[in-house]
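Visitor:
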Amino acid sequence: MALDSESFSILLDTIRRFIQERLVPAENHVEEYDEVPQDIVEEMKELGLFGLSIPEEYGGIGLSMSQECQVAFELGRTALAFRSVFGTNVGIGSQGILMDGTPAQKHEILPRVASGELIMSFALTEPDAGSDAAALKTRAEADGDEYVLNGTKRFITNAPRAGAFTLMARTGGPGASGVSAFIIPAALPGLRLGKTDKKMGQRGTKTCDVILENVRVPASAIIGGVPGQGFKTAMKVLDRGRLHISAVSCGIAQRILHESTAYARERKQFGKAIGEFQLIQAMLADSQAEMLAGWSLVQDVSRRFDLKPPHMSDPEISMQASCTKLFCTEMVGRVADRGVQIHGGAGYINEYKVERFYRDVRLLRLYEGTTQIQQLIIGRELLKSH
Ligand SMILES: Cc1cc2nc3c(=O)[nH]c(=O)nc-3n(C[C@H](O)[C@H](O)[C@H](O)COP(=O)(O)OP(=O)(O)OC[C@H]3O[C@@H](n4cnc5c(N)ncnc54)[C@H](O)[C@@H]3O)c2cc1C
1 MALDSESFSI LLDTIRRFIQ ERLVPAENHV EEYDEVPQDI VEEMKELGLF
51 GLSIPEEYGG IGLSMSQECQ VAFELGRTAL AFRSVFGTNV GIGSQGILMD
101 GTPAQKHEIL PRVASGELIM SFALTEPDAG SDAAALKTRA EADGDEYVLN
151 GTKRFITNAP RAGAFTLMAR TGGPGASGVS AFIIPAALPG LRLGKTDKKM
201 GQRGTKTCDV ILENVRVPAS AIIGGVPGQG FKTAMKVLDR GRLHISAVSC
251 GIAQRILHES TAYARERKQF GKAIGEFQLI QAMLADSQAE MLAGWSLVQD
301 VSRRFDLKPP HMSDPEISMQ ASCTKLFCTE MVGRVADRGV QIHGGAGYIN
351 EYKVERFYRD VRLLRLYEGT TQIQQLIIGR ELLKSH
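Take 1 as the starting number for the sequence shown in UniProt numbering and just add one per residue.
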């Protein structure tokens, strides 16, 4: 699946223009009011951003992974809250259905996801099951041809906006093989949301708990219709997500470099622009080199991802996606730190955007598998294959 190169190049130009003309000027609004303006959300729908990764037959644009990463790179060049509005529709919220759903599930859900009419979230994490996701406790008990769900999901991105969740719950015994992935409409009786989390950064993004108390769904709500496959589905979804997050990391690194270079040119000390000092140039050069290394990695691994059979997992590609996320998210942390340093005291002040980017990028090392979890995946795969 990929968009032809001419249409893709037009799309990329349109998105770049939208970012420069509409999103960048709205960054201060998002920071101040902790929300993305609704008129911008509507424009995102018109541009097709909610359906970037959904095939054309379901009303999406049908980008390949490497094309999606190029778009994610561009979206990284502005406040990350904008991408988050449709990020779960493009990635973790919808892809489980696309990869493993039944034809009926795909036809029912994906066109509404692609148009932005339905916001989908991904609910795996729980209060006692984060990195150890296979230990999740949310129960889904069979009752005739229904399941009854009880449990709490934590830190769920876009839950306050979601119309439905791809939600992992335990239908069987302990461990990964007892987990099933469900499609759970948000409006069902017994489902309620916790209060919206107050976060370190990424103002304008929304997360909260999702609490399930005797929520009833038909057995046909299990993705693919077969219980016990949900953990595998979640891990495949996260492989893709890790490449997407890596591309976003490179985009925001590029933006921080842009802000830092502009500041270094403008700010004068000791009678000259600080950019003339080689110690400042060294920080800029390290950031540029690391950003380029990360972006080269994203491009290479996302192309490999596109070469494997669609929707199949490949341990080698999973390991490479983990290497990419590990490198790129740690890289942008260092780039953001240097960005603050180059700005001096101004780097600590909110009105200079590097301060908020510094806080925003901190999350990238935590979700969709922490850096330590990426290290474990890489280490385990190396020991298996060498
Ligand atoms: C803003 C935000 C949005 C999120 N969005 C979503 C979402 O949409 N859907 C969703 O399901 N989840 C979401 N999450 C949850 C996120 O994926 C988890 O927070 C993350 O996986 C880490 O889990 P945890 O917070 O329980 O940390 P823990 O697992 O408790 O980890 C704590 C520390 O221990 C380390 N650690 C854990 N196990 C090991 C080990 N075996 N070896 C070495 N170190 C280890 C971790 O790396 C970390 O440093 C979100 C989180 C945040 C903050």
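Just so it is clear, CB atoms sit at the ideal spot from N, CA and C, and this is done for glycine as well.
Contact check, LEU23 vs GLN70 under 8 angstroms by CB: the rounded distance?
Guide: Looking up residue 23 in the sequence shown gives position 23. Looking up residue 70 in the sequence shown gives position 70. At roughly 17 angstroms, the Cβ-Cβ gap does not stay under 8 angstroms, so LEU23 and GLN70 are not in contact.
Visitor: Please confirm whether any heavy atom of ligand 1 lies closer than 8 angstroms to the CB of LEU149.
Guide: Here residue 149 is taken as the residue at index 149 of the sequence shown, counted from 1. Answer for LEU149: no, Cβ out of range of ligand 1.
Visitor: For the beta strand (DSSP E) that ASN150 lies in, which residues bound it at each end?
Guide: Residue mapping note: residue 150 aligns to position 150 of the sequence shown, counting from 1. First-last of the beta strand (DSSP E) with ASN150: 146–157.
Visitor: Alpha carbon to alpha carbon, how far is LEU376 from ILE109?
Guide: Numbered from its first residue, the sequence shown carries residue 376 at position 376. Numbered from its first residue, the sequence shown carries residue 109 at position 109. Rounded to the nearest angstrom, the two C-alpha atoms are 34 angstroms apart.
Visitor: Ignore the nearest five residues each way along the sequence and tell me which others in VAL237's own chain have a CB closer than 8 angstroms to its CB.
Guide: By one-based count along the sequence shown, residue 237 stands at place 237. If we look at VAL237 and ignore the five residues flanking it on each side, its Cβ neighbours are GLY91, ILE92, GLN95, GLY96, MET99, PHE122, THR166.
Visitor: For residue 387, collect the residues of the same chain with a Cβ closer than 7 angstroms to its Cβ; drop the 5 residues on either side in sequence, then sort them by chain order.
Guide: Not covered by the structure: residue 387. The range shown for the chain is 1 to 386.
Visitor: Let's see if you can read the secondary structure: which residues bound the alpha helix (DSSP H) around MET291?
Guide: The residue given as residue 291 occupies position 291 in the sequence shown. Segment 278–307, the alpha helix (DSSP H) holding MET291.
Visitor: Where DSSP assigns a beta bridge to ALA164, which residues make up the other side?
Guide: The residue you call residue 164 lines up with position 164 of the sequence shown. The partner list for ALA164 (beta bridge, DSSP) reads MET120, PRO185.
Visitor: If we ignore side chains and look at the alpha-carbon of each, how far apart do PHE305 and PRO189 end up?
Guide: Here residue 305 is taken as the residue at index 305 of the sequence shown, counted from 1. Here residue 189 is taken as the residue at index 189 of the sequence shown, counted from 1. Taking the straight line joining both Cα atoms gives about 40 angstroms.
Visitor: Could you work out which residue in SER7, GLY225, GLY251, THR138 is closest to SER287 when comparing CA atoms only?
Guide: Taking the sequence shown and counting its residues from 1, the one referred to as residue 287 is at position 287. Selected option, being the one with the closest Cα: GLY251.
Visitor: Could you please give me the residues that DSSP links to LYS268 through a beta bridge?
Guide: To locate residue 268, count along the sequence shown from 1; it is residue 268. The partner list for LYS268 (beta bridge, DSSP) reads ALA273.
Visitor: For VAL41, which residues of its own chain have a beta-carbon under 8 angstroms away from its beta-carbon, when the five flanking residues on both sides are left out?
Guide: As a position in the sequence shown, residue 41 is number 41, starting the count at 1. So the list reads VAL85, GLY116, once near-sequence residues are dropped.
Visitor: Got a sec, what are the start and stop residues for the beta strand (DSSP E) THR102 sits in?
Guide: Walking along the sequence shown from the start, residue 102 turns up at place 102. THR102 -> no beta strand (DSSP E), and no H or E assigned at all.
Visitor: Cβ of GLU31 versus every heavy atom of ligand 1: is any distance shorter than 8 angstroms?
Guide: Taking the sequence shown and counting its residues from 1, the one referred to as residue 31 is at position 31. Checking every heavy atom of ligand 1 against the Cβ of GLU31, none is found closer than 8 angstroms.
Visitor: For LEU279, is the classification buried or exposed, using 16 other Cβ atoms within 10 angstroms of its Cβ as the cut-off for buried?
Guide: Reading the sequence shown from its first residue, position 279 is the one you call residue 279. Its Cβ having fewer than 16 others within 10 Å, LEU279 is exposed.
Visitor: Tell me whether GLY144 is buried or exposed, calling it buried when 16 or more other Cβ atoms sit within 10 Å of its Cβ.
Guide: Indexing the sequence shown from 1 puts residue 144 at position 144. Flag for GLY144 reads exposed.
Visitor: Taking only beta-carbon atoms, is LEU167 less than 9 angstroms away from chain B?
Guide: Among the chains in the structure shown there is no chain B, since it carries only a single protein chain.
Visitor: If you compare alpha carbons, which of GLU259, VAL332, ARG338 is closest to ALA282?
Guide: Looking up residue 282 in the sequence shown gives position 282. Of the listed residues, the one whose Cα sits closest to ALA282 is ARG338.
Visitor: Distance check for GLU213 and PRO227, CA to CA, integer angstroms please.
Guide: Here residue 227 refers to the residue found at position 227 of the sequence shown. Here residue 213 refers to the residue found at position 213 of the sequence shown. Those two C-alpha atoms are separated by around 21 angstroms.
Visitor: Which of helix, strand or coil does DSSP assign to GLU368?
Guide: By one-based count along the sequence shown, residue 368 stands at place 368. Coil at GLU368, not helix or strand.
Visitor: How do the segment 182–202 and the segment 343–360 stand: do at least 3 beta-carbon pairs fall below 8 angstroms, yes or no?
Guide: Yes, since at least three Cβ pairs between the segment 182–202 and the segment 343–360 fall closer than 8 angstroms, the two stretches touch.
Visitor: Suppose you measure from the CA of MET319 to the CA of GLY224; what does that come to, to the nearest Å?
Guide: Reading the sequence shown from its first residue, position 319 is the one you call residue 319. Reading the sequence shown from its first residue, position 224 is the one you call residue 224. Each residue's Cα considered, the two are about 25 angstroms apart.
Visitor: Please return the same chain residues whose Cβ sits closer than 8 angstroms to the Cβ of VAL179, not counting the five positions on each side in sequence.
Guide: Here residue 179 refers to the residue found at position 179 when the sequence shown is read from its first residue. Only ALA134, LEU136, MET168, ALA169, ARG170, THR171, GLY172, GLY228, GLY230, PHE231, ALA234 meet the Cβ criterion.
Visitor: Where do the ends of the beta strand (DSSP E) carrying THR207 lie?
Guide: For the purposes of this step, residue 207 is identified with residue 207 of the sequence shown, where counting begins at 1. 207–218 is the span of the beta strand (DSSP E), which, as asked, contains THR207.
Visitor: Could you check what DSSP says for SER180 in three-state terms: helix, strand or coil?
Guide: Translated into the one-based positions of the sequence shown, residue 180 becomes position 180. If DSSP states are grouped into helix, strand and coil, SER180 belongs with the strands.
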